[in-house]
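The block underneath contains the structure these notes are about, expressed in structure tokens.
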Amino acid sequence: MGATSSFIHHFEKGGEPDVRPLLLLHGTGGDESDLVPLGRMIAPGAPLLSPRGRVLENGMPRFFRRLAEGVFDEQDVHDRAQELADFVVQACARYAISSPIALGYSNGANIAAALLLLRPEVLAGAILLRATVPLSQTPPVDLTDKPILIASGVSDPMIPLEGANRLAAALQQQGALVEHRTLPIGHQLSQADVTLARAWMQAHGRLN
Ligand code: MLT
């Protein structure tokens, strides 16, 4: 546990020098320990960098403010994405790790999508579990060949598939290598997410 850039975070070194680090981004009400077991499962031996979201909604940590469920405070999305990107840059230098692949769930997947659109240089790729478009206008950005996995739940009541489809299209339009998979489940994570993400990491998560 540390506080680089005043983000409370968990870091573990991992033991496998060839695997890309993962930036773990939890969902609403989670914290820096939430996705650590998932990170270890999908990328054994990878360094794990896991910040806690700094926005509180009724005491529940998040990565940016929302005005209502599914209605985002877009100025806050911008500001918080910049703040998180600065944290990632500083933490990579401090822990001597390469740029990470984001592994985000729900609100964490949405801030990861915002990082891709606003500060793409800080991420080597992303696994977005239950993500939607975080900004109504997607800025022009160069995502050429950045690998991105999006896993959506077909019956997700919080993240309608249409939002995930729009996100996949926007990222693809900027040159990213997007794989968008739709699972026969809802908002909760399942074994299918683990299997999918692990196979994707084996294909895209090597350093060289
Ligand atoms: C968000 O606010 O980012 C999404 O609605 C998902 C969530 O509830 O965390």
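Sequential numbering of the sequence shown, starting at 1242, is according to our numbering.
Every residue, glycine too, gets a C-beta built ideally from N, C-alpha and C.
(1) Where does the unbroken alpha helix (DSSP H) through L1412 begin, and where does it stop?
(2) Measuring CB to CB, does P1375 end up less than 8 Å from A1343?
(3) Flag M1442 as yes when its Cβ comes closer than 7 Å to any non-hydrogen atom of the ligand MLT, and as no otherwise.
(4) State the CB to CB distance for the pair Y1336 and G1268, rounded to an integer number of angstroms; the pair is presumed to be in contact (CB under 8 Å).
(5) What first and last residue would you give for the alpha helix (DSSP H) that runs through F1248?
(6) Excluding the 5 residues flanking V1304 on each side, which residues of the same chain have their C-beta closer than 8 Å to its C-beta?
(7) Please give the ranges of any beta strand (DSSP E) in the segment 1263 to 1322, keeping only runs that are unbroken, at least 3 residues long and fully inside the region.
(8) Can you have a look at V1395 and say buried or exposed, based on whether 16 or more other CB atoms are within 10 angstroms of its CB?
(9) Closest to G1255 by CA distance: which of D1272, S1291, G1270 and D1275 is it?
(10) Would you identify the three-state DSSP class for P1361, choosing helix, strand or coil?
(11) If I follow the unbroken alpha helix (DSSP H) through R1439, where does it start and stop?
(12) Confirm the yes/no value for this check: CB of T1269, any heavy atom of the ligand MLT, distance under 7 Å.
(13) So is the beta-carbon of E1237 under 7 Å away from any non-hydrogen atom of the ligand MLT?
(14) Could you tell me the distance, in whole angstroms, from the CA atom of D1272 to the CA atom of L1263?
(15) Going by beta carbon distance, what residues of the same chain come within less than 7 Å of T1245, once the five residues before and after it are set aside?
(16) Please tell me whether, using a cut-off of 7 Å, the distance from the CB of S1347 to the nearest non-hydrogen atom of the ligand MLT is below it.
(17) Return the chain-ordered list of same chain residues with a C-beta closer than 8 Å to the C-beta of V1277, the five sequence neighbours on each side being excluded.
(18) Judging by CA-CA distance, which residue of I1249, A1287, S1247 and S1274 is the nearest neighbour of D1259?
In short:
(1) Looking up residue 1412 in the sequence shown gives position 171. First-last of the alpha helix (DSSP H) with L1412: L1402 to Q1414.
(2) Indexing the sequence shown from 1 puts residue 1375 at position 134. Indexing the sequence shown from 1 puts residue 1343 at position 102. No; because the gap between Cβ atoms is not below 8 Å, this pair is not in contact.
(3) As a working mapping, residue 1442 is identified with position 201 in the sequence shown. Not under cutoff, so the answer is no.
(4) Locating residue 1336 in the sequence shown gives position 95, counting from the first residue. Locating residue 1268 in the sequence shown gives position 27, counting from the first residue. Between G1268 and Y1336 the Cβ distance is about 24 Å, and since that is not below 8 Å, they are no contact.
(5) Within the sequence shown, residue 1248 is the residue found at index 7, counting from 1. Note, F1248: premise wrong, no alpha helix (DSSP H); not H, not E.
(6) Stepping through the sequence shown from its first residue, residue 1304 is reached at position 63. Note on identity: in this sequence residue 1304 is Phe, with Val being the wrong assignment. For F1304, where only same-chain residues beyond five positions count, the Cβ hits under 8 Å are L1266, G1294, R1295, V1296, R1321, L1325, N1348, G1349, N1351 and I1352.
(7) 1263 to 1266, 1289 to 1292, 1296 to 1298, 1301 to 1303 and 1307 to 1309
(8) On the sequence shown, residue 1395 is found 154 positions in, with the first residue counted as 1. So V1395 ends up on the exposed side.
(9) Sequence index remark: in the sequence shown, residue 1255 carries index 14 (1-based). Measuring from the Cα of G1255, the nearest candidate turns out to be S1291.
(10) Counting from 1 along the sequence shown, the entry for residue 1361 is found at position 120. Correct three-state label for P1361: helix.
(11) Along the sequence shown, read from residue 1 onward, the residue named residue 1439 stands at position 198. That run of the alpha helix (DSSP H) goes Q1432 to H1445.
(12) Within the sequence shown, numbered from 1, the residue matching residue 1269 stands at position 28. Checking every heavy atom of the ligand MLT against the Cβ of T1269, one is found closer than 7 Å.
(13) Not covered by the structure: residue 1237. The range shown for the chain is 1242 to 1449.
(14) Looking up residue 1272 in the sequence shown gives position 31. Looking up residue 1263 in the sequence shown gives position 22. So the alpha carbons of these two residues sit roughly 15 Å apart.
(15) Here residue 1245 refers to the residue found at position 4 of the sequence shown. Low confidence applies here, because T1245 scores a pLDDT of 48, under 50, leaving its location unreliable; read the following figure in that light. Only F1328, Q1331, A1332 and R1335 meet the Cβ criterion.
(16) For this step, residue 1347 is matched to residue 106 along the sequence shown. S1347 Cβ: within cutoff of the ligand MLT.
(17) Along the sequence shown, one-based indexing puts residue 1277 at 36. Closer than 8 Å at Cβ, skipping near neighbours: H1251, E1253, L1265, L1289 and S1291.
(18) Here residue 1259 corresponds to residue number 18 of the sequence shown, with the count starting at 1. The shortest Cα separation from D1259 among I1249, A1287, S1247 and S1274 belongs to A1287.
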